[in-house]
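See structure below.
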Amino acid sequence: MKSVQLHEYGKPVTLVEAEPAPLGDTDVRVAIEAAPLNPSDFLTLSGRYAVRPPLPSPVGGEGVGVVTETGAGVTAVRTGDLVLVLPNPRPGTWQEEIVVPERFVVRADPRAEVTQLATAGINAATAYLLLSYGELREGDWVVQTAANSGLGTFVNALAKLRGVRTLNVVRRADAVVRGGDAVVVSDGTLTEQIAAALAGDRPRLLLDGVSGPVVTELAAVLAPGAHIVSFGALSQQPFTLSTPHLLFKNLTVHGFWLNNWIAAAPREEIERVYADVTALIAEGVLRTEIAAEYALADYARAIEHASAPGRTGKVVFTR
């Protein structure tokens, strides 16, 4: 089978013909239909991500496909099911098939397009879970950084469903934000922009995927008792929060990594979350802009496209 593999961290990947992996009693074999190229994948390739599989290793942190074989002890899915392959310690969705422990597969809504389902495993689920913080009520404000990302689009769509308003922070004036109630640019006038957008309201939740000093700027406008959730560091700067804001506003700071939730959550909760998000994808409520689809044979062009600055939309490997 064709497999995009990493042989040395920080070096280019190669396309190889690999032998199919053996199937254990609690394993599932999935024929991959679609798999996105995510920032976390590129961090893995560089060796700067928390997931560091032993090398050589196939690549790809999430995807969607059809179950072709199950181990004798598997009960959660059956042959023929359309499933999401969730992030796990052994990546491998950038290949024609993957063998993965039952823990890391979950049924997807078969009504949905596979290219749309390809990003449900990480972005859609993360957005869904991030909005569970802070006990939000209808009419509340949520602030999010990296608002022009695919994840940010999902946050806006899910917030709208709940009657929650979003203040979207971007780093460039030309960044395109889909959905949401207000957009501000993280520049020297950020404080004034926020004041005009909120008109005196105080957000109860900050979702931060950028990190750096912008967190302290945004914390200044939060309501007392608000929650801050850090889930990324696109700026590659340390997370910074002033002590007075933390103490006097009684703020609560959370770190969120989806892999931790997948490893710890009860199976019933995982199935419920993914049933909800894949149904919303099937209904068109959650939608990802697809920039391009590539076959595995075109892996070099796909990686170049996905790594291009200013790219909009998701690059996806498809069958």
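Per the numbering used here, the sequence shown starts with residue -10, numbered consecutively. Positions of the beta carbon are idealized from the N, C-alpha and C atoms, including for glycine.
Looking at the secondary structure, which residues open and close the beta strand (DSSP E) in which residue i lies?
i       : result
Glu6    : Thr3 to Glu6
Asn157  : Arg154 to Val159
Gln(-6) : Lys(-9) to Leu(-5)
Trp130  : Trp130 to Gln133
Phe306  : Lys303 to Thr307
Thr59   : Gly52 to Thr59
Glu282  : Ile279 to Tyr283
Ala20   : Asp16 to Pro25
Arg96   : Val94 to Arg96
Val194  : With the sequence shown as reference, residue 194 is identified as Leu, and Val is not the correct amino acid for it. Taken as a continuous stretch (DSSP letters only), the beta strand (DSSP E) holding Leu194 covers Leu194 to Asp197.
Ile251  : Element bounds for Ile251: not the beta strand (DSSP E) but the alpha helix (DSSP H), Leu247 to Ala253.
Pro233  : From DSSP, Pro233 is part of no beta strand (DSSP E) but of the alpha helix (DSSP H) over Thr232 to Phe237.
Leu313  : No answer is possible for residue 313: the residues shown for the chain start at -10 and end at 308.
Ser219  : His216 to Ser219
Glu293  : Taken as a continuous stretch (DSSP letters only), Glu293 belongs to no beta strand (DSSP E), being part of the alpha helix (DSSP H) at Tyr288 to Ser296.
Ala171  : Ala171 to Val174
Val203  : Element bounds for Val203: not the beta strand (DSSP E) but the alpha helix (DSSP H), Val203 to Ala208.
Ile87   : Glu86 to Pro90
By the 10 Å Cβ neighbour count, where 16 or more other Cβ atoms means buried, how is residue i classified, buried or exposed?
i      : result
Gln84  : buried
Ala297 : exposed
Asn112 : buried
Leu150 : exposed
Pro80  : buried
Gly69  : exposed
Gly141 : buried
Ser35  : exposed
Thr33  : buried
Ala252 : exposed
Phe143 : buried
Gly201 : buried
Glu127 : exposed
Ala162 : exposed
Contact check, residue i vs residue j under 8 Å by CB: the rounded distance?
i      : j      : result
Pro192 : Ala215 : 7 Å
Ile183 : Leu223 : Actually they are not in contact, since the Cβ atoms of Ile183 and Leu223 sit about 20 Å apart, beyond 8 Å.
Val218 : His243 : 5 Å
Ala284 : His294 : With 8 Å as the limit, Ala284 and His294 do not qualify as a contact, their Cβ atoms being about 13 Å apart.
Thr277 : Gln105 : 6 Å
Glu86  : Pro11  : Contact flag wrong, Cβ pair sits at about 12 Å.
Ala146 : Gly177 : That belief does not hold up - the Cβ atoms of Ala146 and Gly177 are roughly 31 Å apart, past 8 Å.
Lys238 : Pro213 : 5 Å
So, using beta-carbon positions, are residue i and residue j closer together than 8 Å?
i      : j      : result
Val159 : Val166 : yes
Val17  : Thr59  : yes
Leu4   : Ala271 : no
Ala309 : Gly54  : What the structure shows of the chain is the stretch from -10 to 308, and residue 309 is not part of that stretch, so it cannot be assessed.
Pro76  : Glu51  : yes
Leu275 : Leu240 : no
Val199 : Ala135 : yes
Val305 : Ala7   : no
Val74  : Thr82  : yes
Leu187 : Gly123 : no
Arg78  : Val40  : In the sequence as displayed, the identity of residue 78 is Pro instead of Arg. For Pro78 and Val40, yes; Cβs fall inside 8 Å.
Leu196 : Phe220 : yes
Val153 : Asp129 : yes
Lys303 : Gly62  : no
Leu269 : Thr115 : no
Ala107 : Asn137 : no
Leu26  : Val132 : no
Val56  : Tyr288 : no
What span of residues does the alpha helix (DSSP H) with residue i cover, start to end?
i      : result
Asp30  : Pro28 to Ser35
Glu272 : Note, Glu272: premise wrong, no alpha helix (DSSP H); not H, not E.
Gly139 : Gly139 to Arg151
Tyr117 : Ala114 to Leu119
Glu102 : That residue, Glu102, is in no alpha helix (DSSP H); it is neither H nor E in DSSP.
Thr241 : That residue, Thr241, is in no alpha helix (DSSP H); its beta strand (DSSP E) goes Thr241 to Gly244.
Gln182 : Leu179 to Leu187
Open item on the list: Under 8 Å, with one C-beta from each stretch per pair, do the segment 116 to 135 and the segment 89 to 105 reach the 3-pair mark?
Closed with: no
- [ ] Inspect the CB distances between the segment 38 to 55 and the segment 228 to 243 and report whether three or more fall short of 8 Å.
- [x] Not touching, per the Cβ criterion.
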